[in-house]
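Colleague:
Protein chains: 4
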Amino acid sequence: MARPSVEPQRRTALMNAAIKAIHERGSLEVTMSEIASHAGVSPALAHHYFGGKDQLIVATMRHLLSELRKTTVAELHKARSPRQRVSAVIAACFSPEQFEQETVTTWLTFYHYAQSSNAAARLLSVYFRRLNSNLAAALRELAPEQCAGEIAEGAAALIDGLYLRQGMKHAPPSADSAIRQVEIFIDNALAGFAST
Amino acid sequence: MARPSVEPQRRTALMNAAIKAIHERGSLEVTMSEIASHAGVSPALAHHYFGGKDQLIVATMRHLLSELRKTTVAELHKARSPRQRVSAVIAACFSPEQFEQETVTTWLTFYHYAQSSNAAARLLSVYFRRLNSNLAAALRELAPEQCAGEIAEGAAALIDGLYLRQGMKHAPPSADSAIRQVEIFIDNALAGFAST
Amino acid sequence: MARPSVEPQRRTALMNAAIKAIHERGSLEVTMSEIASHAGVSPALAHHYFGGKDQLIVATMRHLLSELRKTTVAELHKARSPRQRVSAVIAACFSPEQFEQETVTTWLTFYHYAQSSNAAARLLSVYFRRLNSNLAAALRELAPEQCAGEIAEGAAALIDGLYLRQGMKHAPPSADSAIRQVEIFIDNALAGFAST
Amino acid sequence: MARPSVEPQRRTALMNAAIKAIHERGSLEVTMSEIASHAGVSPALAHHYFGGKDQLIVATMRHLLSELRKTTVAELHKARSPRQRVSAVIAACFSPEQFEQETVTTWLTFYHYAQSSNAAARLLSVYFRRLNSNLAAALRELAPEQCAGEIAEGAAALIDGLYLRQGMKHAPPSADSAIRQVEIFIDNALAGFAST
DNA sequence: AATGAATGAGCCTTCATTCAT
DNA sequence: AATGAATGAAGGCTCATTCAT
């Protein structure tokens, strides 16, 4: 039986180490050494597996993005109505895995990174589109096309804003109140449309 | 008559140069040389006037913040009702001076910087409090204490989210749609409360 | 019967791989990985068989030198007169095996290497002496001791110079014209001595 | 009166330091630190003035080349006949400034460098052309076109070969014997032509 | 016999910062 | 008031080399 390759383990370990390191510094201004030592390996190994710092960062972004996606898919699977599907998307964004301090900080750092890295910008725009289309798809069954799009946009912006503010605080994240804010936003928006 | 010192001019020029440079790079990873040459002076002079890079950055933040404050005060001055005062605060946030591409980019960069700089964090928390209290003060005359606070928080988060998304795009900012989003949010929220 | 060891094959393969790699880079700044992958093996194996990069390089030099020697001996064997022996030595230097692009490049690289490696310098001085004594031995039968030595020295320098210039060009080597240059040199030198 | 800029001084000092350092190591595998400390400055300054290691190396080549050119021009100026012009070119190549140990080593190193650097290759080909045309121009007045070209090529190759061999030795250079070799080569070649 | 995994050491380069003028 | 000159400190990256399997 072939000896199982350690590469995937190392890669995952290094990406998690990157998240930790980024959270500690609060920015991408972390050294490869810092990241590597968080993973208990040498900086050279990080280069070996990722080819460079930028690539490690981007891989980590991709990693986080795919985690979010998995969570979203899982939540959507449980939903039984359009409105529940909206809630599912929101819940995924603020699920414990996504909304813990380290992840939020890293997330915001990536937002920032996207301003100078094309690769990062592309990844984020994928996320933007996905979030938007997930929300809009469900909302279109609850409001006319026009409104659905606008509500989705507002909700997405609100979610980002809540992340951002969460990232600023040094307090542990309170997912519940964040979720409530967005849910109320949706409810009010749908009600506002109906009463027109 | 004493020859007027050029110091204030230089300081302002350098802070504006910093904003430009930060916008170009999309991050604080700009060299002092870059900033200085944007202002047409030597890097050494920037040091002379500000004492260091961090201090120049923080001064620039303060500068931006005070601009926003002035605009807000001016807008509030024109308001004739509580609801108009809410709109005034919103309008100030998205006023042309504040919401042009360069400023938005810089703003986001500062958000990010606050995660690793205490001075920046302090400044931002001042902004947070002020925005929140401005909104809440007006809202308290339109909804009960409890609700007012929550609506203010939501509005603030939404504003930040809209800034953030604006900063990502490479398109020119569209203040109007942003304002509309927030205004509708407020309206819906107030309506939602009323119907309870 | 014992399975024949693969060691000699591997060693030869690695030395040829080194020649190829050196030619491609145009210098000794090739990585062990490059060399090893040219031979289709892992870098670790190259270490295993040679003990280190320097030793692989030196072994490759020795390899090339012994090839040249074989060719020279073969050519000398065919010669039937002193003058033909001179031509034999020259012909060997520019024989197809020796004077192909890859070999020339590698050869020059070794010249360069000799400036910082004692082992390389020793090997090269062996080559120098051998070339010189081969030429001088034949020439002594055509001119007095004194002259023979000087002509041999000149011829050797000329040969090196032609190699050097060949190595610079990116065109395929033209052995014929090189040989002609040296032969004419010899002829003229002998004629020059005679007319004294 | 304007303070005289130290830039030219530093640049020259650094190029000379590079020559020294290269001579010591016998190759371009010298660190910027080594070079800089030979010049008594920090490595950062070398970068400041040259932009990088490669550029410092190429500048040094250019420097050496222009020295050689100056010497050649000066020697040619003293020549009174075609044959003397040939001698002038040869003398320049082996003049004390050019043919001291350090310079020779550096020169050979550059030959080698040209195999992997386009900039270096371009510079060297300029030297080649110049040397060749200087020799050929003078020779054309002493022998027919055809021959002149071939003799010039041979002389150039011989000169390079003598440099190369000088660079190998650890003994001080003996310009005289080198010059004599080339002069005899020329004389014999011209005589050889005449007797045809 | 052979290699994947891992690392230590070292180099180029960048940049904020200082200082003499 | 202003700057050219210079540097120390630090980070990303490469690569020969080692070792357990």
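Just so you know, the protein sequences line up as chains G, H, P and E, in that order.
Residue numbers in the first sequence follow my numbering, run continuously in steps of one, and reach 1635 at the last position.
Residue numbers in the second sequence follow my numbering, run continuously in steps of one, and reach 1635 at the last position.
Residue numbers in the third sequence follow my numbering, run continuously in steps of one, and reach 1635 at the last position.
Residue numbers in the fourth sequence follow my numbering, run continuously in steps of one, and reach 1635 at the last position.
For each residue, glycine too, the CB sits at the ideal point set by N, CA and C.
#1: Residue range of the alpha helix (DSSP H) that Glu1622 of chain E falls in?
#2: Just verifying my parser: in three-state terms, what is the DSSP assignment at Glu1589 of chain H?
#3: State yes or no: is the C-beta of Ala1432 of chain P within less than 8 Å of the C-beta of Leu1601 of chain E?
#4: Spatial neighbours of Ser1534 of chain P within its chain, please: C-beta separation below 7 Å, excluding the five flanking residues on both sides.
#5: Please report the distance separating the alpha-carbon of Pro1583 of chain G from that of Gln1620 of chain H.
#6: Which residues bound the alpha helix (DSSP H) around Pro1482 of chain H?
#7: Just the chain H side, please: which residues come within less than 9 Å of Met1454 of chain G by C-beta, in chain order?
#8: Taking Val1565 of chain H as part of the alpha helix (DSSP H), name the residues at either end of that continuous run.
#9: For Ala1460 of chain E, which of E:Thr1499, E:Gln1448, E:Ala1483, E:His1516 has the nearest alpha-carbon?
#10: Which residues, in chain order, does the stretch 1609 to 1633 of chain G contribute to contact with chain H at a C-beta distance below 8 Å?
#11: What residue from G:Gly1479, G:Asn1557, G:Tyr1488, G:Thr1544 has the CA that sits closest to Glu1446 of chain G's CA?
#12: Which whole-angstrom value is the C-beta distance of Tyr1550 of chain P and Leu1603 of chain E, which I expect to be below 8 Å?
#13: Based on Cα-Cα distance, which residue from E:Arg1561, E:Gly1606, E:Ala1628, E:Ala1591 lies nearest to Met1607 of chain P?
#14: At which residues does the alpha helix (DSSP H) containing Arg1522 of chain G begin and terminate?
#15: Please name the residue in P:Ile1496, P:Ala1531, P:Gly1465 whose C-alpha comes closest to that of Arg1569 of chain P.
#16: Return the chain-ordered list of same chain residues with a C-beta closer than 7 Å to the C-beta of Ala1478 of chain G, the five sequence neighbours on each side being excluded.
#17: For Ser1466 of chain G, which three-state DSSP category applies?
#18: Using a Cβ cut-off of 8 Å (strictly closer), state whether Gln1585 of chain G contacts chain H.
#19: At a CB distance below 9 Å, what residues from the stretch 1526 to 1558 of chain H approach chain G? Give them in sequence order.
#20: Taking buried to mean at least 16 other C-beta atoms within 10 Å of its own C-beta, is Val1497 of chain G buried or exposed?
#21: Met1607 of chain P touches chain E at which residues, Cβ-Cβ below 9 Å?
#22: On a Cα-Cα basis, can you pick out the residue from E:Glu1468, E:Leu1507, E:Asp1493 that is closest to Val1543 of chain E?
#23: Report the residues of the stretch 1462 to 1496 of chain H with a CB closer than 8 Å to any CB of chain G, ordered along the chain.
#24: Given this structure, state the Cα-to-Cα distance separating Val1512 of chain H from Tyr1552 of chain G, to the nearest angstrom.
#25: Give a yes or no on whether the C-beta atoms belonging to Phe1624 of chain H and Gly1588 of chain H are separated by under 8 Å.
#26: How many angstroms separate the CA atom of Ser1616 of chain G from the CA atom of Leu1629 of chain H?
#27: Using a beta-carbon distance below 8 Å, is Gly1588 of chain G in contact with chain H?
#28: Whole angstroms is fine: what's the gap from Ser1481 of chain P's alpha carbon to Met1471 of chain E's?
#29: If we ignore side chains and look at the alpha-carbon of each, how far apart do Val1528 of chain H and Asp1626 of chain H end up?
#30: State the DSSP-derived secondary structure class of Arg1450 of chain G, mapped to helix, strand or coil.
#31: On the criterion of 16 or more Cβ atoms from any shown chain inside 10 Å, does Arg1524 of chain G qualify as buried, or is it exposed?
#32: Mark Gln1448 of chain G as exposed unless 16 or more other C-beta atoms lie within 10 angstroms of its C-beta, in which case mark it buried.
#33: Between Leu1574 of chain H and Ala1591 of chain H, how many whole angstroms is the CB-CB distance? I'm expecting something under 8 Å.
#34: Taking the C-alpha atoms as reference points, what is the distance between Gln1540 of chain H and Leu1547 of chain G?
#35: With the cut-off set at 8 Å, would you say Gly1428 of chain P and Gln1554 of chain E are in Cβ contact?
Modeller: Per the coordinate set shown:
#1: 1614 to 1633
#2: helix
#3: Nothing about residue 1432 of chain P can be reported from this structure: the residues present for chain P run from 1440 to 1635 only.
#4: Thr1510
#5: 17 Å
#6: 1482 to 1489
#7: Going along chain H, no residue has its Cβ under 9 Å from Met1454 of chain G, so there is no contact; the nearest lies around 20 Å.
#8: 1557 to 1578
#9: When each option's Cα is compared against that of Ala1460 of chain E, the closest is E:Thr1499.
#10: For the stretch 1609 to 1633 of chain G, which is checked against every Cβ of chain H, the residues closer than 8 Å are Gln1620, Ile1623, Phe1624, Asp1626, Asn1627, Ala1628, Ala1630, Gly1631.
#11: G:Tyr1488
#12: With a Cβ gap of about 6 Å, Tyr1550 of chain P and Leu1603 of chain E count as contacting.
#13: Ranking the options by Cα distance to Met1607 of chain P, first place goes to E:Arg1561.
#14: Counting along the chain, the alpha helix (DSSP H) containing Arg1522 of chain G begins and ends at 1521 to 1532.
#15: P:Ala1531
#16: Ala1452, Leu1453, Ala1456
#17: coil
#18: no
#19: Thr1544, Leu1547, Thr1548, Tyr1550, His1551, Tyr1552, Ala1553, Gln1554, Ser1555, Ser1556
#20: buried
#21: Within chain E, the residues near Met1607 of chain P are Tyr1550, Ala1553, Gln1554, Ala1560, Leu1563, Ser1564, Phe1567.
#22: Here the closest residue by C-alpha is E:Leu1507.
#23: Arg1464, Gly1465, Ser1466, Glu1468
#24: 33 Å
#25: no
#26: 19 Å
#27: In terms of beta-carbon proximity, Gly1588 of chain G stays away from the interface with chain H, with every pair separated by 8 Å or more.
#28: 32 Å
#29: 15 Å
#30: helix
#31: buried
#32: exposed
#33: 4 Å
#34: So the two alpha carbons sit approximately 19 Å from each other.
#35: No statement about residue 1428 of chain P is possible, as the shown extent of chain P runs from 1440 to 1635 and does not include it.
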